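There are 2 protein chains.
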Amino acid sequence: MNTAPSQDTTPPAEHWRSYGPLDLHPILMHAMAAFNEHGYHGTSVRDIAGRVGVTVPALYYHYENKQALLATLLETSIKDVLDRCRAAAGETGDEPLARFCGMVESIVLYMAHRRQLAFLDTEIRSLEPQNRARYVALRDYLEHMLLDTVEAGRAQGVFTTPIPADAVRSVLVMCQGVANWFREDGPLTAEEVAERHVLLSLGTVGHPGAVTGDPPPFPRLVSHRSPSPVRTSAPGGSAPRASR
Amino acid sequence: MNTAPSQDTTPPAEHWRSYGPLDLHPILMHAMAAFNEHGYHGTSVRDIAGRVGVTVPALYYHYENKQALLATLLETSIKDVLDRCRAAAGETGDEPLARFCGMVESIVLYMAHRRQLAFLDTEIRSLEPQNRARYVALRDYLEHMLLDTVEAGRAQGVFTTPIPADAVRSVLVMCQGVANWFREDGPLTAEEVAERHVLLSLGTVGHPGAVTGDPPPFPRLVSHRSPSPVRTSAPGGSAPRASR
DNA sequence: CCTACCGATCGGTAGG
DNA sequence: CCTACCGATCGGTAGG
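These protein sequence lines are chains A and B, in that order.
Just so we're aligned, residue 1 is where the first sequence starts under full-length UniProt numbering, counting upward by one.
Just so we're aligned, residue 1 is where the second sequence starts under full-length UniProt numbering, counting upward by one.
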């Protein structure tokens, strides 16, 4: 889209499928890890400080309190997935089927590549009302984006579910669920998990092709010719399961 | 099944669709409520004792410690849903489609009718290793029951998903998700939510009828003649959404 | 074998 | 960013 010369100070639009190492302040990184292991209330500020290698007061020099750590992490997370999903939707255009697939792919890629951030969604209960309200508003916006696309697809007959709002909520729940079980050293890559969840989601919203396999949205998946080097059974058998 | 006379001391088999008031020790009831509101680590034993109206030592007379409260609640919950799912599977017989529908219905009914118990699933991280292992084993057993049924249906062609293990995990995640948003005073009854999730789940595992509407597994749902008195749009519009 | 507490205080930790 | 602390509260237990 941007045709400006490379010396333009505008950074190149980060692609929604591209994930580098997570770049957060060390305090946020270790807070994220601790919250993942023990939950928000189960984590002491001394634990976080110890992981970072600083004293407790040093923590409070950088962040107002423990709540600010969680709020910053959750807001960073929801904004990133929302940006990526918007980018995916924009790139795939107005065709509801492709748009839906791109959005689901982008969300699942996020859940897998940013598992530790995405997993914090379970801690929204520990957000103070104002922080929670902002987080939930962004999450609801994501849900509405996806619902609009499903409604558009319904109008065209590419999605047949009679209950699009329920279907979208279920799709988002199953995407979010990826953050609960995905492991980097598991049998499936993030990209493979995303591909599978696109297929599963298409079934949930009632896309005929997802069920009949005609046309196959993911030939590799449907015909069992996955390039994944990890296989727990012969081709034609059940798919390998990710670790828990 | 049981043809014994009524004076038999064997209690009538509790039906898996039947839900009376939750009957737990008052301490467990209030611990459940507190854990729901603030999480395990966010709840003090004094808070629980205060809700019950007893002193803290009185709490420790009945339960060894706070951990035992959570472990008892979670074990009660997973055993109940497992029992009900087994009953549903047994009642619906060996036909994979009906069996799958019955199992999903039983699980979703549990998530809605026993929302506060089912929601504690988010606290497994706070279980000590031994307690967690027993809980996860029972949850895995439920998953295997459902997977066996989906595999059987695949062999018959009633389910077409090429990734049955992923589909089953997604189905269970979306069922569990009901405990996150269902409200008794919401627009949908537990029974309506269960019916919708059976349809959504059929799409996820690739049951052709769920997508083509032929044959319609749930005529009321597919033809928009729901008896629900709550409607947010005219027939043919989008389905009402449950409260958050 | 079960149900049912009290006033006071234990050693440590919480967020700040 | 550290040393030195605070008011209060944590999960759990003492003797009676």
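For glycine and all other residues, C-beta sits at the position ideal for the given N, C-alpha and C.
None of the values given here were measured: they were computed from a predicted structure.
(message) So with CB distances below 7 Å, who are the chain A contacts of residue 251 of chain B?
(response) No answer is possible for residue 251 of chain B: the residues shown for chain B start at 1 and end at 244.
(request) At 8 Å on the CB atoms, spell out the chain B contacts of A:Gly20, in chain order. (result) Here the premise fails: no neighbours, minimum Cβ distance about 27 Å.
(message) Check for me: the alpha helix (DSSP H) holding B:Asp121 runs from which residue to which?
(response) Segment: none, B:Asp121 is in no alpha helix (DSSP H) and carries neither H nor E.
(request) Can you give me the Cβ contacts of B:Leu109 inside the same chain, cut-off strictly under 8 Å, excluding the 5 residues immediately before and after it? (result) Here the set comprises Trp16, Arg17, Tyr19, Arg84, Ala190, Glu191 and Ala194.
(message) Which of the three DSSP states is assigned to A:His113 in this structure?
(response) Reduced to three states, the DSSP call for A:His113 is helix.
(request) Give me the Cα-Cα distance between B:Ala58 and B:Glu64, rounded to the nearest whole angstrom. (result) Going from the Cα of B:Ala58 to the Cα of B:Glu64 covers about 11 Å.
(message) Does the region 87-98 of chain B come into contact with the region 141-154 of chain B, if we say contact requires no fewer than three beta-carbon pairs (one atom in each stretch) closer than 8 Å?
(response) Counting C-beta pairs with one atom in each stretch, the region 87-98 of chain B and the region 141-154 of chain B have three or more that are closer than 8 Å, which means they touch.
(request) Classify A:Gly186 as helix, strand or coil using the three-state DSSP reduction. (result) Assignment of A:Gly186 by DSSP, reduced to helix, strand and coil, places it in the coil class.
(request) Please compile the residues from chain A whose C-beta is within a distance smaller than 8 Å of the C-beta of B:Leu69. (result) Result: empty, since nearest Cβ-Cβ is about 15 Å, beyond 8 Å.
(request) On a CA-only basis, which of A:Leu188, A:Gln130, A:Cys175 and A:Ser201 is nearest A:Thr72? Give me that one, please. (result) Residue nearest to A:Thr72 within the set A:Leu188, A:Gln130, A:Cys175 and A:Ser201 is A:Gln130 (criterion: CA-CA distance).
(request) May I have a chain-ordered list of the alpha helix (DSSP H) segments no shorter than 4 residues that lie completely inside the region 148-182 of chain B? (result) Entirely contained in the region 148-182 of chain B, the alpha helix (DSSP H) runs reaching 4 residues are, in chain order, 164-181.
(request) List the residues of chain B whose Cβ lies closer than 9 Å to the Cβ of A:His144, in chain order. (result) Under the 9 Å cutoff, chain B gives no residues; its nearest Cβ is about 11 Å from A:His144.
(request) Indicate whether at least one CB of chain B lies closer than 8 Å to the CB of A:Pro208. (result) Against chain B, the CB of A:Pro208 has a partner CB under 8 Å away; the residue lies at that interface.
(message) Just checking: is the beta-carbon of B:Thr161 within a distance shorter than 8 Å of some beta-carbon in chain A?
(response) Yes, contact with chain A.
(request) Please list, in chain order, all residues of the same chain as A:Ser126 whose beta carbon is under 7 Å from its beta carbon, the five residues on each side excluded. (result) For A:Ser126, where only same-chain residues beyond five positions count, the Cβ hits under 7 Å are Tyr40, His41 and Leu70.
(request) Jot down the residue ranges of each uninterrupted alpha helix (DSSP H) in the UniProt domain "HTH tetR-type" (21-81) of chain A, minimum 4 residues, whole runs only, in chain order. (result) With a minimum length of 4 residues, the continuous alpha helix (DSSP H) runs that stay inside the UniProt domain "HTH tetR-type" (21-81) of chain A are 26-38, 45-52 and 56-62.
(message) Please list, in chain order, the chain A residues whose beta carbon lies closer than 9 Å to that of B:Thr111.
(response) The sequence shown places Met at residue 111 of chain B, rather than the Thr named in the question. Here the premise fails: no neighbours, minimum Cβ distance about 12 Å.
(request) With 7 Å as the C-beta to C-beta threshold (strictly closer), list the residues of the region 164-178 of chain A near chain B in chain order. (result) Those would be Pro164, Ala165, Asp166, Ala167, Ser170, Val173, Met174 and Gly177, in chain order.
(message) Please list the terminal residues of the continuous alpha helix (DSSP H) segment that includes A:Gly93.
(response) Where A:Gly93 is concerned, there is no enclosing alpha helix (DSSP H), given that its DSSP letter is neither H nor E.
(request) Could you work out which residues of chain B lie near A:Leu200, taking near to mean beta carbons separated by less than 8 Å? (result) Ordered by position in chain B, the residues that pass the 8 Å Cβ test against A:Leu200 are Thr161, Ile163, Asp166, Ala167, Ser170 and Thr204.
(message) Quick check on residue 254 of chain B: does DSSP put it in helix, strand or coil?
(response) Outside the displayed span of chain B (1 to 244) sits residue 254 of chain B, for which this structure offers no information.
(request) Could you give the DSSP three-state label for A:His135: helix, strand or coil? (result) The amino acid occupying residue 135 of chain A in the given sequence is Tyr; His does not appear at that position. The answer is helix: DSSP assigns A:Tyr135 an H, G or I state.
(message) Please report the distance separating the alpha-carbon of B:Ile27 from that of B:Glu184.
(response) Answer to the nearest angstrom: the Cα atoms are 23 Å apart.
(request) Quick one: using the 10 Å Cβ neighbour count with 16 as the cut-off for buried, is B:Arg53 buried or exposed? (result) According to the sequence as given, residue 53 of chain B is Gly; it is not Arg. Classification for B:Gly53: exposed.
(request) Would you please verify whether the beta carbon of A:Val211 is less than 8 Å from any beta carbon of chain B? (result) In terms of beta-carbon proximity, A:Val211 lines the interface with chain B, with at least one pair separated by less than 8 Å.
(message) Quick check on A:Val56: buried or exposed, where buried means 16 or more other Cβ atoms within 10 Å of its Cβ?
(response) Answer is exposed; the Cβ neighbour count stays below 16.
(message) When you compare the CB positions of A:Ile48 and A:Ala31, do they come within less than 8 Å of one another, or not?
(response) Result yes, Cβ atoms of A:Ile48 and A:Ala31 sit closer than 8 Å.
(request) Please state whether DSSP places B:Ser106 in a helix, a strand or coil. (result) B:Ser106 falls in the helix class under three-state DSSP.
(message) Can you give me the C-alpha to C-alpha distance between A:Ser44 and A:Ile124, rounded to a whole angstrom?
(response) About 18 Å.
(message) Assuming contact is defined by CB atoms lying nearer than 8 Å, are A:Val104 and A:Val171 in contact in what I supplied?
(response) Yes, the pair counts as a contact, with Cβ atoms nearer than the cut-off.
(message) Just to confirm my understanding: we take B:Arg139, look at its own chain, exclude 5 residues before and 5 after, and list those with CB closer than 7 Å. What are they?
(response) Non-local C-beta neighbours of B:Arg139 in its own chain, meaning closer than 7 Å and more than five positions away in sequence, comprise Ile78, ordered along the chain.
(message) Output needed in chain order: residues of the UniProt domain "HTH tetR-type" (21-81) of chain A with a Cβ under 9 Å from some Cβ in chain B.
(response) Residues of the UniProt domain "HTH tetR-type" (21-81) of chain A whose Cβ lies closer than 9 Å to any Cβ of chain B, in chain order: Asn36, Glu37, His38, Gly39, Tyr40, His41, Gly42 and Thr43.
(message) Would A:Arg114 and A:Leu22 be called neighbours here (beta carbons separated by less than 8 Å)?
(response) Going by C-beta atoms, A:Arg114 is nearer than 8 Å to A:Leu22.
(request) Measure the Cβ-Cβ separation of B:Thr204 and A:Gly102 and say whether it is below 8 Å. (result) Their beta carbons are not under 8 Å apart, which means B:Thr204 does not touch A:Gly102 by this criterion.
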